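In the working numbering, the protein residues as written are 421 to 870.
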Amino acid sequence: YQHGHSSILSLHRMVKWSYRIGFKSTIEYVSVQIAKSIPWMRQKIDADIHKEKEKTINQLRKEWNDLLDPSANENRHLSLPPNKTSSAELLTLLKKWSVAESSLWEKGQASGAIYHGGSDLIDFMSKVYGLFCVSNPMHPDLFPYVRKMEGEVVSMLIKLFHGDSKCCGTLSSGGTESILLACKAYRDRGRDLYGVSTPEIVAPTTIHAAFHKAAHYFGMKLVLVDIDEQSGEVKSDDVKRAITRNTVLIAASAPNYPHGNIDDIEGLASLALERNIGFHSDCCLGGLLLPFVDKLQQMGKLHGLDYSNNPLPLFDFRAKGVTSLSADMHKYGYATKGSSCIMYSSAELRHYQYFVSLSWTGGIYASPTLAGSRAGGVSASTWAVMVHMGEEGYLEVSERIIRTTRKIRKGIEEDISELEVIGNPLSSVIAFRSTTPAINIYGVGQALGK
């Protein structure tokens with residue numbers, strides 16, 4: 421009886437797990453497990469994994485040794501040092517390490533990861549951060565100016581994304597947290613208003629991995645819809661077929677990380693509106709770039725530039741049905757790392773993001789985001805950078821970025837027949853693939869990084 425009961429429980433768990441990750445992922449997982457159970461296949465897989473591990477370790481060791489000077493090994497602290505170390509000595513050491521790290525990306529061969537507005541802006545941000553380095557937005561009564569700055573950053577962003585007076589939002593530590601907060605809000609809303617116990621998110625396969633993380637963390641099912649191979653876009657009819665009574669959220673990107681294409685936010689949001697489902701526009705990557713590209717086109721600043729006749733599709737609250745939107749200020753806003761914003765079309769929806777405990781022995785505990793304590797220095801430096809840059813500054817850098825990316829796109833399309841651009845990227849990200857088996861696209865990627 422016990423054995424049979426245990427088997428039934430295991431089967432039940434497996435069915436629930438399979439439902440959550442989807443049929444396709446289940447088949448892929450089972451196929452890999454079957455392959456691993458065959459002895460000769462297991463040996464080959466283990467040998468390949470070992471080979472790749474050794475290759476990676478050797479490469480990392482080489483890069484590490486090339487980068488480091490003797491001070492790195494001399495200053496290894498695996499336990500707390502018994503005596504004090506002077507601040508002057510540490511600053512000298514840390515400046516040396518900072519210069520060494522900067523050399524890895526200042527050559528201009530780092531794809532993504534680094535977003536900055538120049539050394540002067542970095543120095544300015546550092547000074548602002550230092551002024552508020554002990555502040556904590558969790559205690560707004562002690563840090564009213566941090567609260568003021570956070571509120572104004574949210575307000576500036578809502579206006580940038582054409583939100584109305586009902587729109588609201590909160591700052592978060594990055595795009596992943598903004599997405600997690602949105603998914604948590606939709607899960608709780610679906611449970612509260614419609615009794616949905618197995619909530620689902622419908623999104624293109626190009627959606628950010630943070631949605632996978634949210635589904636895993638919050639017990640949701642992520643239903644992924646394939647994109648069209650040629651256009652790089654998801655079709656509304658395919659999304660429509662993926663919707664069920666358990667769908668609490670449809671999500672799309674502007675632009676997506678893998679290819680840089682802007683999803684049909686307007687069409688998909690309209691579909692969500694028809695079904696009374698929430699819709700999230702993930703603008704984390706292009707958040708503080710797309711609004712200014714839009715303005716540049718309206719001002720005629722991109723006139724005559726290749727692809728300038730391709731107007732940006734709607735990506736923000738102008739698209740009816742968009743109920744939330746995430747944007748990172750630490751990317752094209754050039755703010756300190758750890759700065760993002762999640763915006764909602766109503767305070768009612770934002771309410772589901774919050775956590776409140778009334779039964780804690782220390783008193784009422786409430787936090788608007790996943791974190792409790794947060795760094796007020798991030799909020800202050802974000803506000804300072806946005807005010808310092810202003811619309812004028814963001815327009816200037818956005819124009820340079822767009823001119824550069826479209827020059828790269830034109831070069832690939834007109835001069836390199838062995839490569840093709842994926843879809844119709846109109847922002848800062850361009851993805852390309854090989855058109856012939858003779859070209860290993862991964863080899864091209866490695867060569868570009870050297």
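Glycine residues also receive a C-beta, built at the ideal position from the N, C-alpha and C atoms. What you are looking at is a predicted structure, and each value in this text was computed from that prediction instead of being measured.
Extent of the continuous beta strand (DSSP E) to which residue i belongs
i	result
proline 624	620-624
lysine 527	Note, lysine 527: premise wrong, no beta strand (DSSP E); not H, not E.
lysine 660	Element bounds for lysine 660: not the beta strand (DSSP E) but the alpha helix (DSSP H), 656-662.
arginine 853	852-854
valine 645	641-645
Bridge partners - residue i, DSSP secondary structure assignment
i	result
methionine 763	Gly589, Leu745
isoleucine 670	Val622, Phe699
alanine 786	Val776
valine 364	With the chain represented from 421 up to 870, any question about residue 364 goes unanswered, as that position is not in the structure.
Buried/exposed call for residue i, threshold 16 Cβ in 10 Å
i	result
cysteine 553	exposed
isoleucine 578	buried
glutamine 422	Here the model assigns glutamine 422 a pLDDT of 47, short of 50, so the residue's position is not dependable, and the following value carries that caveat. By the 10 Å Cβ count, glutamine 422 comes out exposed.
tryptophan 803	buried
proline 502	exposed
isoleucine 647	buried
proline 624	buried
glutamate 768	exposed
valine 897	Residue coverage of the chain in this structure runs from 421 to 870, which leaves residue 897 outside it and unanswerable.
methionine 749	buried
methionine 719	exposed
asparagine 860	exposed
methionine 461	exposed
glycine 863	exposed
leucine 722	buried
histidine 773	As written in the sequence, residue 773 is glutamine, which differs from the histidine given in the question. The residue in question, glutamine 773, is buried, as its Cβ has 16 or more Cβ neighbours within 10 Å.
valine 841	buried
lysine 870	exposed
histidine 425	Summary for histidine 425: the model assigns pLDDT 47, below 50, so the residue's position carries little reliability, and this model does not support an answer.
threonine 667	buried
leucine 868	exposed
asparagine 696	exposed
phenylalanine 852	buried
lysine 604	buried
leucine 524	exposed
leucine 688	buried
The alpha helix (DSSP H) enclosing residue i, as first and last residue numbers
i	result
valine 807	796-835
leucine 600	595-614
glutamate 840	Looking at the DSSP string, glutamate 840 is not in any alpha helix (DSSP H); the run it does join, the beta strand (DSSP E), is 839-841.
threonine 512	507-522
tyrosine 862	861-868
aspartate 714	710-719
alanine 634	629-638
leucine 693	685-694
Beta carbon of residue i nearer than 8 Å to that of residue j
i	j	result
threonine 825	isoleucine 850	yes
leucine 716	leucine 778	no
alanine 739	glutamate 686	yes
threonine 789	leucine 601	yes
tyrosine 752	valine 805	no
leucine 644	alanine 674	no
glutamate 838	threonine 856	yes
serine 801	asparagine 556	no
glycine 843	glutamate 653	yes
glycine 701	phenylalanine 735	Glycine is not the amino acid found at residue 701; the sequence shown has serine there. Yes; because the gap between Cβ atoms is below 8 Å, this pair is in contact.
glycine 595	serine 457	no
leucine 591	glutamate 572	no
valine 874	valine 566	No answer is possible for residue 874: the residues shown for the chain start at 421 and end at 870.
glycine 589	methionine 809	no
leucine 745	cysteine 703	yes
asparagine 672	aspartate 683	Note on identity: in this sequence residue 672 is alanine, with asparagine being the wrong assignment. In contact: alanine 672 and aspartate 683 (Cβ atoms closer than 8 Å).
CB contact below 8 Å: residue i versus chain B
i	result
serine 777	Among the chains in the structure shown there is no chain B, since it carries only a single protein chain.
Heavy atom of the ligand ATP within 7 Å of residue i beta-carbon
i	result
alanine 533	For the structure depicted, the ligand ATP is absent and the ligand set is empty, with no information on it obtainable.
Inside the region 538-565 only - alpha helix (DSSP H) runs reaching at least 4 residues: 539-551
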